[in-house]
Amino acid sequence: MTKISSTPTVFSLPNSKWIKDFRQKLLAWYAEHARTLPWRGTTDPYEVWISEIMLQQTTTATVEGYYCRFLKRFPNPQMLAEADNSEVLRYWEGLGYYRRAVQLHRAAQIIVSEHHGQFPSTYDKILALPGIGRYTAGAISSIAYHQRMPILEANTIRLHSRLLAYPDDPTKSYGNKLLWQMAEIVLPEQDNNAQNNGNNKQNTQYSVFNQALMDLGSMVCVPKSPDCPNCPVVKLCQAAQKGLQDMIPALKKEQEFEERSEAALVIEKNGKYLMMRYPEGVRWAGLWDFPRHVVLSEQPLNYDTDFCLAIQQMTGYKVTILSPLTTIRHSVTRFKITLNVYVAEVLENYGKSEYKIQWVKEKDLIKLALNTTGRKITKLLDTDQRSHQKTLKLF
Ligand code: SF4
35 MTKISSTPTV FSLPNSKWIK DFRQKLLAWY AEHARTLPWR GTTDPYEVWI
85 SEIMLQQTTT ATVEGYYCRF LKRFPNPQML AEADNSEVLR YWEGLGYYRR
135 AVQLHRAAQI IVSEHHGQFP STYDKILALP GIGRYTAGAI SSIAYHQRMP
185 ILEANTIRLH SRLLAYPDDP TKSYGNKLLW QMAEIVLPEQ DNNAQNNGNN
235 KQNTQYSVFN QALMDLGSMV CVPKSPDCPN CPVVKLCQAA QKGLQDMIPA
285 LKKEQEFEER SEAALVIEKN GKYLMMRYPE GVRWAGLWDF PRHVVLSEQP
335 LNYDTDFCLA IQQMTGYKVT ILSPLTTIRH SVTRFKITLN VYVAEVLENY
385 GKSEYKIQWV KEKDLIKLAL NTTGRKITKL LDTDQRSHQK TLKLF
């Protein structure tokens with residue numbers, strides 16, 4: 035395996051001839067290969083914003099299913115700002131990283147209260163909204179407001195690292211600064227399309243160029259086995275020339291996962307299920323779930339275990355476990371979680387709960403914004419849980 039030398043103190047950016055050639059080749063390729071996506075073609079800053087927030091850490095294939103549905107229900111900042119937080123989360127359910135939805139809702143309220151319901155048009159004001167960083171502000175500014183703003187996200191970080199054959203971690207200080215410079219210098223100097231377009235529903239050259247960079251990164255310069263033979267800029271790519279494309283960007287240290295055991299309880303009373311809502315500041319804030327907590331002991335879960343006492347504190351109910359229902363394995367951030375789901379019943383009501391709770395009819399569970407495992411459990415209620423309960427009555 036070829037060893038890559040460490041970063042020199044000064045890493046050269048391409049010259050003007052390279053840049054001109056790169057722009058031409060990229061735009062010619064994009065004219066033929068641009069992806070068709072629901073948010074492509076819009077210059078409405080609100081719509082661009084929704085798409086960019088949804089696309090953070092989520093694939094385009096997943097976002098496609100959510101974007102139109104979300105915009106249909108919340109077509110402008112006012113409608114989003116006036117909506118109940120739990121409804122916004124319900125429309126976000128399954129996309130993950132729910133903090134994004136909470137910040138989106140907050141930002142919409144700021145747009146209404148501080149910007150008269152109009153999405154701000156300057157980079158600094160966009161950047162000041164909750165949940166918007168340098169990349170998102172740049173994307174909105176270039177796509178919606180025709181401003182010459184560079185962008186740098188996962189696809190373009192990889193693409194620029196390879197074009198420059200930058201060997202070190204591109205997210206560290208020096209690499210990050212270098213790649214932002216690269217993203218800026220490759221952008222066209224002036225927007226040839228803008229004069230013709232004005233503010234109509236056409237993308238300008240800056241937005242086209244930024245989208246072309248992202249498409250090349252996600253379709254050709256992919257993380258594993260980039261398609262260099264079919265890449266329009268292969269002759270300009272330092273990594274390809276040096277045979278280093280599979281080693282760049284430098285891999286981050288693999289995340290170490292921690293195993294964790296948790297339990298969730300399905301508690302039914304008079305045809306209703308006990309549900310709890312996660313408060314601010316904890317995982318899944320604002321979402322509903324079946325009462326759930328970490329299990330620290332391997333002993334059987336009786337009503338006096340730490341687990342049941344924690345459930346009692348959260349919900350105000352003293353409970354006892356009746357029987358196992360199912361096991362779900364999933365990951366959240368650095369945790370690999372084994373979630374054991376049990377049928378349980380209430381022994382006593384203490385009345386005071388730390389979390390907001392509600393008894394919900396089975397048919398109304400669909401209206402609650404649930405986390406993914408909560409939704410999985412609801413799908414079992416029709417079948418397994420009823421048969422379990424029938425079995426339980428035999429004891
Ligand atoms: S030549 Fe290969 S490594 Fe270089 S930009 Fe194209 S696909 Fe990426």
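Going by the working numbering, the first residue of the sequence shown is number 35, and it counts up by one from there. All C-beta atoms, glycine included, are put in the ideal place defined by N, C-alpha and C.
Note the first and the last residue of the continuous beta strand (DSSP E) segment covering Phe369.
Phe369 -> beta strand (DSSP E) spans Phe369 to Asn383.
Does the separation of the CB atoms of Leu359 and Val267 fall below 9 Å?
No, these two residues do not count as a Cβ contact at 9 Å.
Roughly how many whole angstroms lie between the Cα atoms of Leu47 and Trp214?
Distance between the alpha carbons of Leu47 and Trp214: 11 Å.
In its own chain, which residues sit with a C-beta less than 8 Å from the C-beta of Ala62, not counting the 5 before and 5 after it?
Here the set comprises Pro266.
According to DSSP, simplified to helix, strand and coil, what is Ala95?
DSSP places Ala95 in helix when its eight states are reduced to three.
Whole angstroms are fine: how far does the CA of Gly251 sit from the CA of Lys427?
Interpretation of Lys427 is limited by its pLDDT of 32, a score under 50 that renders its predicted location unreliable; no figure is taken from the coordinates.
Cβ-heavy atom distance between Ala273 and the ligand SF4 below 8 Å?
Yes, the beta carbon of Ala273 sits closer than 8 Å to at least one heavy atom of the ligand SF4.
Would you mind reading off the limits of the alpha helix (DSSP H) that contains Met309?
Unbroken run through Met309 is the beta strand (DSSP E), Lys306 to Arg311; no alpha helix (DSSP H).
In the DSSP output, which residue or residues are listed as bridge partners for Ala298?
Bridge partners of Ala298: Arg326 and Val375.
Could you tell me which residues DSSP puts in a beta bridge with Lys395?
Paired residue(s): Lys306.
Can you tell me which of the three DSSP states Arg74 falls into?
Three-state DSSP puts Arg74 in coil, outside helix and strand.
With a cut-off of 8 Å on the beta carbons, I'd call Asn405 and Asp338 a contact; round off their distance for me.
About 28 Å separates the two Cβ atoms, so there is no contact after all.
Between Leu161 and the rest of its own chain, which residues show a CB-CB distance below 6 Å, the 5 nearest in sequence each way excluded?
The residues are Ala171.
Is any heavy atom of the ligand SF4 found at a distance shorter than 8 Å from the C-beta of Asp261?
Indeed, a heavy atom of the ligand SF4 lies less than 8 Å from the Cβ.
Could you please give me the residues that DSSP links to Lys410 through a beta bridge?
None; Lys410 has no bridge partner.
Just the Cα atoms here: how many angstroms apart are Gln392 and Met309?
Computed Cα separation, rounded: 5 Å.
Taking Leu71 as the reference, which of Leu60, Leu89 and Pro79 has the closest Cα?
Among Leu60, Leu89 and Pro79, the Cα nearest to that of Leu71 is on Leu89.
With a threshold of 8 Å (Cβ to nearest heavy atom), would Cys102 be considered close to the ligand SF4?
Not under cutoff, so the answer is no.
Can you check which of these residues, Ser387, Ala298 and Tyr157, is closest to Ile371 by C-alpha distance?
Considering only alpha carbons, the answer is Ala298.
By a C-beta neighbour count over all protein chains shown, 10 Å radius and 16 as the cutoff for buried, is Ala95 buried or exposed?
Looking at its Cβ environment, which holds fewer than 16 other Cβ atoms inside 10 Å, Ala95 is exposed.
Please name the residue, chosen from Gly167, Thr367 and Ala173, that lies closest to Gln289 on a Cα-to-Cα basis.
Closest option to Gln289, Cα to Cα, is Thr367.
Please list, in chain order, all residues of the same chain as Ile355 whose beta carbon is under 6 Å from its beta carbon, the five residues on each side excluded.
Result list for Ile355: Leu335, Tyr376 and Ala378, in chain order.
For Asp261, count neighbouring C-beta atoms within 10 Å of its own C-beta (all shown protein chains included) and say buried if the count is 16 or more, exposed if not.
Burial call: exposed.
Between Ile345 and His327, which are expected to be in contact by the criterion C-beta below 8 Å, what is the C-beta distance as a whole number of angstroms?
Confirmed, about 6 Å.
Would you identify the three-state DSSP class for Glu292, choosing helix, strand or coil?
Correct three-state label for Glu292: strand.
Do you know offhand how far Leu129's Cα is from Lys51's?
For Leu129 and Lys51, the distance between alpha carbons rounds to 43 Å.
From the DSSP output, which residues share a beta bridge with Ser431?
Not covered by the structure: residue 431. The range shown for the chain is 35 to 429.
Exposed or buried, which one is Asp118 when buried takes at least 16 other CB atoms within 10 Å?
Classification for Asp118: exposed.
Using only the heavy atoms of the ligand SF4, determine whether one of them is closer than 8 Å to the beta carbon of Arg317.
No, the beta carbon of Arg317 sits no closer than 8 Å to any heavy atom of the ligand SF4.
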